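Numbering (our numbering), first residue to last: 1383 to 1716. Idealized CB from N, CA, C, for every residue including glycine. This structure is a prediction, so every number in the text was calculated from the model and none was measured. Structure, as structure tokens:
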């Protein structure tokens, strides 16, 4: 069973900010929802509330960056790129301000439906010149995300997990890092964020069924390590599966397809993620099952690539689950 860590971001941000006087905490009326209410109460001189006005917050943050501060903006991911896109480009990305955009509720981690689900954020943000895009997949990566983001000389967008988060890794997130979680010769599986947890479930069951899986976990969507992806894809016989908490257009599926095509490497590719649709409201397990983002969907995709039925069902996946089902205690509400 994996350890479940409660609110790892809250503790990590406060500890890091207290070591760096030029780090400021900005909120757009979602302070407790982004786990910075304790920081606000204990360090009001370092906290700025910009209200429900993300466009203004983005421009204001650009000014703070020009003045030598390193502002951390906290909001749900959708409100950091959809609503203030023009200000994001003109005030932050174009002048390469050291602004850190901490986007909570990535993809289907919220039951809030279309208005709150950041399902195209990776696609949008990775197209912006000067922008770095990071994603945390467990408690250890959430704890190290603040320092990793602040190491970048330029703007950074982060997909952040909140609430009760499982600890899957022992080493911190590093910008540009691709974690090699298993070696295998049949199929390459590439995941990030919450889909890595599902892939670990599927990988254990597939291994018992005789399928050799090579598994990579991405922490950095941009800059994307295309050369390493191609190297790993070349080492498997049956093909590649990408699994992401995002639209397949513009996310990991597109990034891997681009890498394989540019390298001229012929490998079959199955892309799992949202397919040209907005997600509706519901619990995270329900949404991942409904839209084919879970372990069972990954097993079926591997079966397509290998042309062999494994006999793996949900019961087998539950039997090898690496941690307790924690969605019931996760802070999923708005």
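Does the distance from the CB of residue 1581 to the CB of residue 1517 come in under 8 Å?
-> Residue 1517 sits away from residue 1581, with the two beta carbons spaced by 8 Å or more.
Please classify residue 1706: is it buried, with 16 or more other beta-carbons within 10 angstroms of its beta-carbon, or exposed?
-> With a pLDDT of 46 at residue 1706, under the threshold of 50, the predicted position of this residue should be treated as unreliable, and no value is reported.
Outcome for residue 1641 when other beta-carbon atoms lying within 10 angstroms are tallied against a minimum of 16 = By the C-beta density criterion, residue 1641 is buried, having at least 16 other C-beta atoms within 10 angstroms.
Residue 1651: which of 1667, 1418, 1619 sits nearest, CA to CA?
-> When the alpha-carbon of residue 1651 is set against those of 1667, 1418, 1619, the nearest one is in 1619.
Check whether residue 1565 and residue 1596 have beta carbons under 8 Å apart | Here residue 1565 is near residue 1596, since their CB atoms are less than 8 Å apart.
By a C-beta neighbour count over all protein chains shown, 10 Å radius and 16 as the cutoff for buried, is residue 1449 buried or exposed?
-> Residue 1449 is exposed by the Cβ-count criterion.
Around the Cβ of residue 1643, are there at least 16 other Cβ atoms within 10 angstroms (buried) or fewer (exposed)?
-> Its Cβ having fewer than 16 others within 10 Å, residue 1643 is exposed.
Go ahead and pull the three-state DSSP assignment for residue 1396.
-> Assigned with DSSP and collapsed to three states, residue 1396 falls in helix.
What residues are listed by DSSP as bridge partners for residue 1670?
-> For residue 1670, no pairing in a beta bridge is given by DSSP.
Using DSSP with H/G/I as helix, E/B as strand and the rest coil, what is residue 1433?
-> Three-state result, residue 1433: coil.
Along the alpha helix (DSSP H) that carries residue 1606, what are the first and last residues, could you check?
-> Where residue 1606 is concerned, there is no enclosing alpha helix (DSSP H), given that its DSSP letter is neither H nor E.
Pick helix, strand or coil for residue 1461, following the three-state DSSP scheme.
-> Three-state DSSP puts residue 1461 in a helix.
What did DSSP end up calling residue 1630 once you bin it into helix, strand or coil?
-> Looking at residue 1630 - three-state DSSP - the assignment turns out to be coil, as it is neither helix nor strand.
Between the CA atoms of residue 1525 and residue 1583 - distance to the nearest angstrom = When rounded, the distance between both Cα atoms is 23 Å.
DSSP three-state assignment for residue 1466, whether helix, strand or coil | Residue state, collapsed to three classes: coil.
CA nearest to the CA of residue 1455, picked from 1476, 1468, 1433, 1472 | For the residues 1476, 1468, 1433, 1472, the minimum Cα distance to residue 1455 belongs to 1433.
Burial state of residue 1599, where buried means 16 or more other Cβ atoms lie within 10 Å | A buried status is given to residue 1599, since no fewer than 16 other beta-carbon atoms sit within 10 Å of its beta-carbon.
Please confirm whether residue 1461 and residue 1502 have their CB atoms less than 8 Å apart.
-> Going by C-beta atoms, residue 1461 is not nearer than 8 Å to residue 1502.
Taking the alpha-carbon positions, what's the residue 1389 to residue 1685 distance?
-> Between residue 1389 and residue 1685, the C-alpha separation is close to 37 Å.
Helix, strand or coil for residue 1387 per DSSP?
-> In the structure shown, residue 1387 sits in a strand (DSSP, three-state: E or B).
Hey, could you find the ends of the beta strand (DSSP E) residue 1564 is sitting in?
-> First-last of the beta strand (DSSP E) with residue 1564: 1560-1564.
If we call anything under 8 Å between Cβ atoms a contact, is residue 1537 one with residue 1615?
-> Result no, Cβ atoms of residue 1537 and residue 1615 do not sit closer than 8 Å.
When the Cα atoms are used, what is the spatial distance from residue 1569 to residue 1617?
-> For residue 1569 and residue 1617, the gap between their C-alpha atoms comes out near 9 Å.
Can you tell me which of 1548, 1385, 1533, 1547 puts its alpha carbon nearest to the alpha carbon of residue 1558?
-> Here the closest residue by C-alpha is 1533.
Rank 1510, 1419, 1492 by C-alpha distance to the C-alpha of residue 1670 and give the top, closest one.
-> Nearest option by C-alpha distance: 1492.
Neighbour-count burial assignment, residue 1385, 16 or more Cβ in a 10 Å radius = That one is exposed.
Cα-Cα separation, residue 1469 to residue 1438 = So the alpha carbons of these two residues sit roughly 8 Å apart.
Sequence-distant residues of the same chain with beta carbon closer than 6 Å to residue 1561, five excluded per side | Annotation for residue 1561: 1599 place their beta carbon closer than 6 Å to its own, counting only its chain and skipping 5 residues before and after.
Boundaries (first-last residue) of the alpha helix (DSSP H) holding residue 1534 | Segment: none, residue 1534 is in no alpha helix (DSSP H) and carries neither H nor E.
Can you say whether residue 1466 is buried or exposed, counting buried as having 16 or more other CB atoms within 10 angstroms of its CB?
-> A residue is called buried when at least 16 other Cβ atoms come within 10 angstroms of its Cβ; residue 1466 meets this threshold and is buried.
Beta strand (DSSP E) containing residue 1517: first to last residue?
-> Looking at the DSSP string, the run of the beta strand (DSSP E) that includes residue 1517 is 1514-1517.
Which residues bound the alpha helix (DSSP H) around residue 1592?
-> From DSSP, residue 1592 is part of no alpha helix (DSSP H); its letter is neither H nor E.
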